Amino acid sequence: MLLEASGLQGRPVTSLVFSYEDIKRRAFNRLFAWRILSNLGLQARFAELEKHPSRPLDLGVKAA
1 MLLEASGLQG
11 RPVTSLVFSY
21 EDIKRRAFNR
31 LFAWRILSNL
41 GLQARFAELE
51 KHPSRPLDLG
61 VKAA
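Number 30 in full-length UniProt numbering belongs to position 30 of the sequence shown; there are no gaps in the numbering.
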């Protein structure tokens, strides 16, 4: 079921959140990236950053 839902959404299974620590890390990374890009006047690039294959917003999240 999990793999099927993942396939339908077009997202890898590894994008699932496993702990509150991971949730907090992702939220902090998103906020931090948004603030930096906003201060530089580059808000439009945030969506591009979210979809980047290297997944920079997941930096510091533990691998399951």
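Where a beta carbon is used, it is the ideal one built from N, C-alpha and C, also for glycine. Here the structure is a predicted model, which is why all the values come from computation and not from measurement.
Query	Result
Where do the ends of the alpha helix (DSSP H) carrying D22 lie?	20-39
So, helix, strand or coil for P53, using DSSP?	coil
Throw me the rounded Cβ distance for the F46 and L40 pair, which I believe falls under 8 Å.	About 11 Å; that fails the 8 Å criterion.
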